[in-house]
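Here the protein sequences come in this chain order: A and B.
If you read the first sequence in the working numbering, its first letter stands for residue 11, the second for the next number, and so on.
If you read the second sequence in the working numbering, its first letter stands for residue 4, the second for the next number, and so on.
Glycine residues also receive a C-beta, built at the ideal position from the N, C-alpha and C atoms.
Here the structure is a predicted model, which means the values were calculated and not measured.
Data first, discussion second: the structure below is written as structure tokens.
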Amino acid sequence: MMLIECPFCGPRDETEFSCGGEAHIARPLAENKISDADFADYLFMRDNPKGLFLERWRHSAGCRRWFNMARDTVSHDVVEVYPMGALPKTAAAKSVYNTSWRRDTAAEQAAKPARASQKQAAKARGSK
Amino acid sequence: MADNQPDRGQRGLPGGKSRYSAFAIAKNAASYHQDWQRAWRDAEPKAEYDAVIIGGGGHGLATAYYLAAVHGMTNIAVIEKGWLGGGNTGRNTTIIRSNYLWDESAAIYEHSMKLWEGLSQDLNFNVMFSQRGVLTIAHSEHELREMSRRVHAIRLNGIDSEILGPDEIKKFVPTINIDQSIRYPVMGGFLQRRGGTARHDAVAWGYARAADDLGVDIIQKCEVTGLRRQGRRIVGVETSRGFIKTKKVGCVVAGHSSVVAAMAGIRLPIASRPLQALVSEPIKPILDTVIMSNAVHMYISQSDKGEMVLGAGVDKYNSYAQRGSFPVPEHMLAAAVELFPVLSRLRMLRHWGGIVDTCPDASPIISKTDIEGLYFDCGWGTGGFKATPGSGHVFADLIANDRPNKIAAPYALDRFRSGLLIDEHGAAGVAH
Chain A
11 MMLIECPFCG PRDETEFSCG GEAHIARPLA ENKISDADFA DYLFMRDNPK GLFLERWRHS
71 AGCRRWFNMA RDTVSHDVVE VYPMGALPKT AAAKSVYNTS WRRDTAAEQA AKPARASQKQ
131 AAKARGSK
Chain B
4 MADNQPDRGQ RGLPGGKSRY SAFAIAKNAA SYHQDWQRAW RDAEPKAEYD AVIIGGGGHG
64 LATAYYLAAV HGMTNIAVIE KGWLGGGNTG RNTTIIRSNY LWDESAAIYE HSMKLWEGLS
124 QDLNFNVMFS QRGVLTIAHS EHELREMSRR VHAIRLNGID SEILGPDEIK KFVPTINIDQ
184 SIRYPVMGGF LQRRGGTARH DAVAWGYARA ADDLGVDIIQ KCEVTGLRRQ GRRIVGVETS
244 RGFIKTKKVG CVVAGHSSVV AAMAGIRLPI ASRPLQALVS EPIKPILDTV IMSNAVHMYI
304 SQSDKGEMVL GAGVDKYNSY AQRGSFPVPE HMLAAAVELF PVLSRLRMLR HWGGIVDTCP
364 DASPIISKTD IEGLYFDCGW GTGGFKATPG SGHVFADLIA NDRPNKIAAP YALDRFRSGL
424 LIDEHGAAGV AH
């Protein structure tokens, strides 16, 4: 049984939450430009570590908001809870993020330039 | 499909010198049963094998046995980090059935069922296979309709399956509550009479003994710490008891598949989840079949010792802790008590969890990998026990011939790239 710290509501029983699986999977925006194998990395292949795991959770029977959580899959210790869109801050969770095979996939690479160009477009709009 | 009998392998009388029989019992009685042979040798790892199977559970031992019995590969080893059958083989609820929706699933689970039907004779070991029937209950109109679709699909594949109405169910299982006012009323169900249960430990022990008899080394307390590669091909296995040279490695490690795959730099679509089960104190016989309910994530049977064996659904988050969260069995027990009011005062004796390797399409992976000589048999998720003989049989064929046979081919890892998934969530995603 886990007591989970919802960043919006505080500590609540695990039955109030639903787990959304692996966090930080960026959708390749130019999906027609990458191979089926690379798209499978995004769609089906999952990190499944024995140890610290970065997951998305949702307080489905509470505030219904999503958040990220770094949890150990052996001890069930919650190391860190952090907002959607953010990266982990603790050293252990950071290292899990940086060393994940997913960071090197073509699928994730395909998501990045699109993001950069979005930012540029936003900047361009701002300067007008 | 129904007339295709699996190749059980060419060999003399199984059991070899220590063959079990009524005569052997009488003979050993004369020496006060002090001279029974060990069921299998406690082998030391050799420097090199033709193939190494990682994982000494039912599937791994079955693979080793069929490699030796069907394909004549006897210079092989099974390495196990704990003890034989100490993982999910010893933790499941022992249900066996082959009533799956899709043709690919029917092929492999029915292949397995046929092997079950002669397994005790093949192994000269009583696996206590009992074809007591498996009855799956529908709790809503929609579920019943979906069920009849499935029954027809199953029958088209030559597998026995029939729909029962609530009254027929009551006649078949007198202890069940078919009152329509309960939270999950019994609207009907479907029955596979050839389904049933087997003694899970005996399956591991029987395969181990028969494989050992054919010369397979079974090495317990030997943990894999790494897979050694030369370029894109496998050259050996690093273990806690030293390096073992081999050209072929078969990984059959269930919940730890992702961990072993990571040693070789391979990605799998698997999530490891706890699946829980409980047994009660033993009572007189009240249930002579297996009841499953997908809607309430409950399945129940009675063991030969009289214990009620209950299984729950998987937990909703990844874990390697071999224990589950409390709300899951609580939900299942509430439904069990409503369906079987006779259980309400029963005390539960033991409760445990096993780590199952769930796949996105609730079907297994039996596959070659991008690394030459490295094979995976995993992703059986919540329902691997029933497939033990069939899984071992086709996986042995894959390892021996380095190409999947007709039954194994649809289960290649490649299906997650091609999109040819075998979606069995309806039949497999929940209950076993």
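- For Leu230/B, no alpha helix (DSSP H) run applies; the uninterrupted beta strand (DSSP E) run containing it begins and ends at 227-233, by DSSP.
- Annotation: the segment 49-93 of chain A contains the following complete segments of the beta strand (DSSP E) (minimum length 3 residues), in chain order: 62-68, 76-82, 88-92.
- The DSSP assignment places 169-175 as complete runs of the alpha helix (DSSP H) inside the segment 151-206 of chain B, in order along the chain (cut-off: 4 residues).
- Contacts with chain B (Cβ-Cβ distance below 7 Å) from the segment 83-100 of chain A involve Thr83, Val84, His86, listed in chain order.
- Taking all protein chains in view, the Cβ of His203/B is crowded by 16 or more other Cβ atoms within 10 Å, so the residue is classified as buried.
- When 7 Å is used as the limit between beta carbons, Phe54/A is near these residues of chain B: Pro272, Pro363, Phe419, in chain order.
- Neighbours of Ser243/B in chain A, taken as residues whose beta carbon is under 9 Å from its own, are absent, since the nearest beta carbon is some 16 Å off.
- Contact note: Asn321/B reaches chain A through Asn58, Phe63, Thr83, using a C-beta cutoff of 7 Å and chain order.
- Residue range 106-120 is occupied by the alpha helix (DSSP H) that includes Trp119/B.
- Using beta-carbon distances, Val299/B does not count as an interface residue toward chain A, since no partner is under 7 Å.
- With fewer than 16 other beta carbons inside 10 angstroms of its own, Cys19/A counts as exposed.
- Annotation note: the segment 256-297 of chain B contains the following uninterrupted alpha helix (DSSP H) runs of length 4 or greater, listed N- to C-terminal: 260-266.
- Proximity of chain B to Trp111/A at the Cβ level (cut-off 9 Å) is accounted for by Ala265, Gly268, Arg270, in chain order.
- Cβ contact annotation for Leu62/A (same chain, cutoff 7 Å, sequence separation greater than five): Ala80, Asp82, Val89, Ala102, Ala103, Val106, in chain order.
- No Cβ of chain A is located within less than 7 Å of the beta carbon of Ala415/B.
- Contact of Ala324/B with chain A is assigned, a C-beta pair being separated by under 7 Å.
- According to DSSP, residue pairing for Pro21/A in a beta bridge involves Glu15/A.
- The distance from the Cβ of Ile98/B to that of Val137/B is about 6 Å, consistent with a contact at the 8 Å cut-off.
- An exposed status is given to Arg236/B, since fewer than 16 other beta-carbon atoms sit within 10 Å of its beta-carbon.
- Neighbours of Ser28/A in chain B, taken as residues at a C-beta separation under 7 Å, are given in chain order as Lys319.
- In terms of Cα proximity to Arg135/B, the closest of Ile162/B, Arg196/B, Gly75/B is Arg196/B.
- Membership of Glu375/B in any beta strand (DSSP E) is not indicated, and neither H nor E is assigned to it by DSSP.
- Listed along chain B, the residues sitting closer than 7 Å to Asp51/A by beta-carbon distance are Arg270.
- Listed in chain order, the non-local C-beta contacts of Gly309/B below 8 Å within the same chain comprise Pro285, Ile286, Lys287, Pro288, local neighbours out to five positions each way being set aside.
- Residues of chain B with a Cβ closer than 8 Å to the Cβ of Glu41/A do not exist; the shortest Cβ-Cβ separation is about 13 Å.
- Remark: C-beta atoms of Val91/A and Ala324/B do not approach each other more closely than 7 Å.
- Rounded to the nearest whole angstrom, the CA to CA distance from Tyr68/B to Asp125/B is 11 Å.
- Here Leu194/B is buried, its C-beta having at least 16 other C-beta atoms within 10 Å.
- When C-beta atoms of the segment 172-182 of chain B are compared with those of the segment 326-346 of chain B, three or more pairs fall below 8 Å, so the two segments count as touching.
- Among the bridge pairs identified by DSSP, Met301/B is matched with Ser296/B.
- When only Cα atoms are considered, Leu346/B and Glu26/A end up about 29 Å apart.
- Bounds of the alpha helix (DSSP H) holding Lys104/A are 101-109.
- About 12 Å separates the beta carbon of Val227/B from that of Val255/B, a gap too long to meet the 8 Å contact definition.
- For Phe246/B, the uninterrupted beta strand (DSSP E) run begins and ends at 245-248, by DSSP.
- Annotation for Asp400/B: no beta strand (DSSP E) segment contains it, though the alpha helix (DSSP H) segment containing it runs 391-404.
- Residue range 351-361 is occupied by the beta strand (DSSP E) that includes Met351/B.
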